[in-house]
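Asks:
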Amino acid sequence: MAKPKISSDWMCGCAGCHMSLLDMDERILKVVELADLRSTPITDLKEPDESGVDVGMLEGGINNSANEEVAKKMRKRARILVALGDCAVFGGVPALRNFCGIQEALQRAYVDAESNEPGSQIPNDPELATMTQTRAVHEVVPVDYNVPGCPPDADVIFYVLSELAQGRKPELKDELLHWD
Amino acid sequence: MVQLTINGKQIEAPEGITVLRAAESAGIKIPTLCDHKEMAPFGGCRLCIIEVQGFRVPIAACTLPVSNGMVVNTETEALKKSRKFILSMLFSERNHFCPFCQVSGGDCELQNAAYHEEMTSWPMQPGWKKFNVDTSHPYYVLDNNRCILCRRCVRACGELAGNFTLAVAERGASSMIVADYDVPLGESSCVKCGTCVQVCPTGALIDRASAYQGLAGTMKEINSTCTGCSIGCTTTLRVRDNRLVRILGNWDGAVNHGLLCEVGRYKLVNDQRPRLTTPMLRKNGKLEPVSWDEALGVVADKLKPLAGKNAVAAVASTRLTAEALTGFKELFADHLGSKTVTSLEEGVNTAVLGEVAEEIGPFEGRIDFLRNADLVVCFGENLVRNHMVAGFLVKRALPKGTRLISVDGEASDLDELADISLKPAAGSLTALVKGLSAVIVQEGLGRAELKVASPDKVIAKAVEASGVPADRLADAARTLAHAVCPVLLIGTGVTAPREAGTIKAIIELAKLVGAVDDERVGLLALKGKSNSVTAAQLGLDVPFAVNGQKVVFAALGDEIVPDPMLAKLSKAPYLVIQSAYASPLLEKADVVLPVALWSEQEGHYVNLDGRVQKAVKAVRAPEGARENAAVLGEIALRMNMPVKKDWRAELKARKSSVVLSGL
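Chains as they are written, first to last, in the working numbering: chain A, 1 to 180; chain B, 1001 to 1663.
The structure is reproduced here in structure tokens:
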């Protein structure tokens, strides 16, 4: 049997979950031994194979039209979809803006913030993606495994990937289960 | 006792307890969020649902009493599924995003419950309703966004602290915790006891000082005794890196059962006075830092020639340990033969009690009697402000029908709470108390024998002297006589005038109404600071005055010296202070000896009802500050008059008004 293919991508997150993935240090060689690492934000290949991958991992929530596209593409091409980290699982820190709404958040970030130059404007280039409410991945596409944590420990990611690569269901509990 | 089966295990449980408590006592853990062992069963969160054979649907274990033959299951697949659903609903209701919450990672009961069910996510997303965060309180922050509406805080505020500040406003998903009629917490009737913060299962009530300072699991927890006042509440000190981070009430505390007041929980942690860490000597009119060796040498040289001449006046804080107070007394009274060896309290709260005890032996009972009192008479103490925890025990009983009579010549916050408030004119308390007894005797309501010659005259005298109307006096007397379990509390207003007659009249009244009989002693004086009783037992209870003495030694410890005492100390011709903090006395002091705080030394305290309790050294004193008892011992040693008396023996040397226990 060929090695299972793994892809990942990030959306509305902070890249921290991928940093945590790198934190597994030399164990990444073990992952490479078990699986074929395809597209990730930290490798050259940028999109999951059109022919499909076995495991797709998404970091970050979905807060604009571009994220939606990434999530849908990954869902379409991955047999198993993993939501990696709190933003992907719950919406996380970016979801806090849902409490005040998009306009207020943009106004605060681009205009009112003390660090902004006077006369700053909210970017309005038509090429920009359209902002939406921040959502967890499962609100947009079906998710097979939720791996919470901010970020999930390298141990957790290694455990999940190695279990999936060996055709087992990862079960998060005790030390491996934390939401912060 | 009833027999029941939980998860196949045969259990015997006393009748009347809930299934939850029965399971707990059998070591079976049922997850809960709203339940609290010190509060009445509530049944709010539904997390403790169980299956009972013969019941159609799952039921909350926290409100279900045990019954014989009950067959209970707590961990079926269906229950686990239901619990996950209940938790999902709680999580999706508000802002329960864990990464930026100060209790996440072990201190959050909601999160722990989710981990217990192995939840990796919840299927619903929040309604994104925003609640304002109330930051108006000096000690805590109320964030309704993180509230799960378990109402523990509301119940703690009323059921435990008797304050009834917190309540729930609005309905359904808009429900929120408010103070009073929705005013900012900082402007509310909150008495700042912090019980609500201690019981909050999530991060909705945030302790300002300790938030984000580390999780409980990363700190050392040390059980100790509060040194705030004479009640002697048991505390749990959280310490990290030699820093006292937080004080919690200890639920197993014999006196307080978890309660604390503002002083015990917050003021003791957050004392802003500048610390003293270097011994100082006045040289050419200016205080200058010197070595401990030099400072102690100067004090010893100054004191030694004065031995036997009654030329030293010494005063000590009643917040010092029993060990330090014993050394203090031995050094100044026994070795130096000073007549003026006393405490900052000067026996205001205890001397007269000791005087009566010399005559009749112990006559006071335990604070525990407050717990089932149906009437409390408080003589001369504002329990809302002083001895707050005792006040909580009284206030929380009022809605259950316990009556309160306040007898206080001074304006008191109890006046508003009391069913009957008597305001005797100054100096008329004895007459008033005798008048109360006379009414009871006259109307034949007494539960014990008491002979009163011509009660009419006694009543008339009471009315005339006190200015309390006759009908109100009679009303109070009848209320007292009809109570089944009355408790009489004696405050500073009674003890300060040092009139043994008043105490005796109150004892007489207590016996007459059955507050004191063979089985129970519902009579207790509130005393003063944490070692008030110890100071009294050591005889450190005479008025302090500088009257021709050459040296005044003030062992202040960590106490704030009251103004009248500051004035007296300022008259000292030569003043030695032993103090943890800077105070106005530094301007006057000739020698300054920096000492440890309550939390930096170990020692014993005797609380208001005679319990000998230990306060534990939780942190190291700053470099330069030494422990109180050690400083006194060192001075004595340098004078070749070592102190070696055993504090336990000294405590027993004099008859006490309370029964000393734990010695």
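Glycine included, each C-beta is placed from N, C-alpha and C at the ideal position.
Using a Cβ-Cβ distance under 8 Å, would ASN63 (chain A) count as near chain B?
Replies: No, ASN63 (chain A) does not count as interfacial toward chain B.
Asks: How about the segment 102 to 117 of chain A and the segment 169 to 177 of chain A: do they share at least three Cβ pairs that are nearer than 8 Å?
Replies: These segments do not touch.
Asks: Would you say ALA1476 (chain B) and ILE1405 (chain B) are within 8 Å of each other, going by their C-beta atoms?
Replies: In this structure, ILE1405 (chain B) lies closer than 8 Å to ALA1476 (chain B) by Cβ.
Asks: Taking GLY1105 (chain B) as the query, report the chain A residues whose CB atoms sit under 8 Å from its CB, ordered along the chain.
Replies: Correct list: HIS178 and ASP180.
Asks: Comparing the C-beta of GLU1118 (chain B) with each C-beta of chain A, is any distance below 8 Å?
Replies: Yes - at least one Cβ of chain A is within 8 Å of the one on GLU1118 (chain B).
Asks: If I measure Cβ to Cβ from PRO151 (chain A) and keep anything under 6 Å in the same chain, skipping five residues before and after, which residues do I get?
Replies: Only GLY16, CYS17, SER20 and GLY85 meet the Cβ criterion.
Asks: Using the Cα positions of LYS1614 (chain B) and GLN1198 (chain B), report the straight-line distance between them to the nearest angstrom.
Replies: The alpha-carbon atoms of LYS1614 (chain B) and GLN1198 (chain B) are separated by roughly 23 Å.
Asks: Can you tell which of B:ILE1050, B:ASP1334, B:VAL1376 and B:SER1428 has the C-alpha that lies nearest to the C-alpha of ALA1483 (chain B)?
Replies: When only C-alpha atoms are compared, the closest one is B:VAL1376.
Asks: Check whether the segment 1523 to 1534 of chain B touches the segment 1452 to 1469 of chain B, taking contact to mean three or more Cβ pairs, one atom from each stretch, closer than 8 Å.
Replies: No: the two stretches stay apart, fewer than three of their Cβ pairs being nearer than 8 Å.
Asks: I'd like to confirm the pairing. Which residues does DSSP put opposite CYS1378 (chain B) in its beta bridges?
Replies: In DSSP, CYS1378 (chain B) forms a bridge with B:SER1406 and B:LEU1489.
Asks: What three-state label does DSSP hand HIS1387 (chain B) in the structure shown?
Replies: In the structure shown, HIS1387 (chain B) sits in coil (DSSP, three-state: anything other than H, G, I, E or B).
Asks: Three-state secondary structure (DSSP) at PHE1100 (chain B)?
Replies: Helix.
Asks: Mapping DSSP to helix, strand and coil, what is MET1219 (chain B)?
Replies: Three-state result, MET1219 (chain B): coil.
Asks: Does GLY1380 (chain B) pass the burial test, meaning 16 or more other C-beta atoms within 10 Å, or should it be called exposed?
Replies: By the neighbour-count rule (16 or more Cβ atoms within 10 Å), GLY1380 (chain B) is buried.
Asks: Specify the secondary structure class of GLU1345 (chain B) as computed by DSSP and reduced to three states.
Replies: Note: GLU1345 (chain B) maps to coil in three-state DSSP.
Asks: How about LYS1081 (chain B): is its C-beta nearer than 8 Å to some C-beta of chain A?
Replies: Output row for LYS1081 (chain B): interface = no.
Asks: Nearest to GLU1519 (chain B) by alpha carbon, out of B:PHE1369, B:PHE1553 and B:ARG1498?
Replies: Considering only alpha carbons, the answer is B:PHE1369.
Asks: If you compare alpha carbons, which of A:VAL93, A:ALA35 and A:GLY61 is closest to ALA136 (chain A)?
Replies: Answer by Cα proximity: A:GLY61.
Asks: Verify the CB distance criterion: does PHE158 (chain A) have a CB-CB separation below 8 Å to chain B?
Replies: No, its Cβ sits nowhere closer than 8 Å to a Cβ of chain B.
Asks: Using a cut-off of 9 Å between C-beta atoms, extract the partners of TYR943 (chain B) located in chain A.
Replies: Residue coverage of chain B in this structure runs from 1001 to 1663, which leaves residue 943 (chain B) outside it and unanswerable.
Asks: Could you pull the start and end residues of the beta strand (DSSP E) that PRO1573 (chain B) belongs to?
Replies: First-last for PRO1573 (chain B): undefined, no H or E at that position.
Asks: Are the C-beta atoms of GLU139 (chain A) and some chain B residue less than 8 Å apart?
Replies: With 8 Å as the cut-off, GLU139 (chain A) counts as an interface residue toward chain B.
Asks: Here's a check: name, in chain order, each residue in its chain whose Cβ is nearer than 7 Å to the Cβ of VAL1002 (chain B), leaving out the five neighbours to either side.
Replies: Contacts found: ALA1013, GLU1015, VAL1066, SER1067 and ASN1068.
Asks: LEU1090 (chain B) lies in the alpha helix (DSSP H); which residues open and close that run?
Replies: 1077 to 1093 is the span of the alpha helix (DSSP H), which, as asked, contains LEU1090 (chain B).
Asks: Comparing C-alpha positions only, which one of B:MET1089, B:ASN1242, B:GLU1038 and B:ALA1169 sits nearest to VAL1253 (chain B)?
Replies: For the sequence presented, residue 1253 (chain B) should be read as Gly rather than Val. GLY1253 (chain B) has its Cα closest to that of B:GLU1038, out of B:MET1089, B:ASN1242, B:GLU1038 and B:ALA1169.
Asks: Of all the alpha helix (DSSP H) runs that stay within the bounds of the segment 1427 to 1483 of chain B, which reach a length of 4 or more residues?
Replies: Runs of the alpha helix (DSSP H) inside the segment 1427 to 1483 of chain B: 1429 to 1442, 1455 to 1466 and 1470 to 1482.
Asks: So ARG97 (chain A) is in the alpha helix (DSSP H); what residue range does that whole segment cover?
Replies: Run containing ARG97 (chain A): none; DSSP gives neither H nor E here.
Asks: Could you tell me the boundaries of the alpha helix (DSSP H) in which GLU1109 (chain B) lies?
Replies: Its alpha helix (DSSP H) spans residues 1109 to 1116.
Asks: Anything in the segment 78 to 92 of chain A with a Cβ closer than 8 Å to a Cβ of chain B? List those residues in chain order, please.
Replies: For the segment 78 to 92 of chain A, which is checked against every Cβ of chain B, the residues closer than 8 Å are ALA83, ASP86, VAL89, PHE90, GLY91 and GLY92.
Asks: Can you check whether the CB of LEU1287 (chain B) is closer than 8 Å to the CB of TYR1581 (chain B)?
Replies: For TYR1581 (chain B) and LEU1287 (chain B), no; Cβs fall outside 8 Å.
Asks: Which residues in the same chain as SER1343 (chain B) place their Cβ atom closer than 6 Å to its Cβ, once the five residues preceding and following it in sequence are excluded?
Replies: Within the same chain, SER1343 (chain B) has close Cβ partners ALA1316, THR1318, ALA1535 and LEU1540.
Asks: Run through the DSSP bridge pairs and tell me what LEU1160 (chain B) is partnered with.
Replies: LEU1160 (chain B) is not bridged to any residue.
Asks: Measure the CB-CB distance between ASN98 (chain A) and GLN133 (chain A) and report whether it falls below 8 Å.
Replies: Contact: yes.
Asks: Any beta carbon of chain B sitting closer than 8 Å to that of VAL55 (chain A)?
Replies: Not an interface residue.
Asks: Near LEU1244 (chain B), what residues of its chain come up, given a Cβ to Cβ distance below 8 Å and the 5 sequence neighbours on each side ignored?
Replies: Contacts found: LEU1237, ARG1238, VAL1269, SER1599, ALA1618 and VAL1619.
Asks: Below 8 Å between beta carbons: does that hold for GLY1409 (chain B) and ALA1431 (chain B)?
Replies: No, they are not a contact pair.
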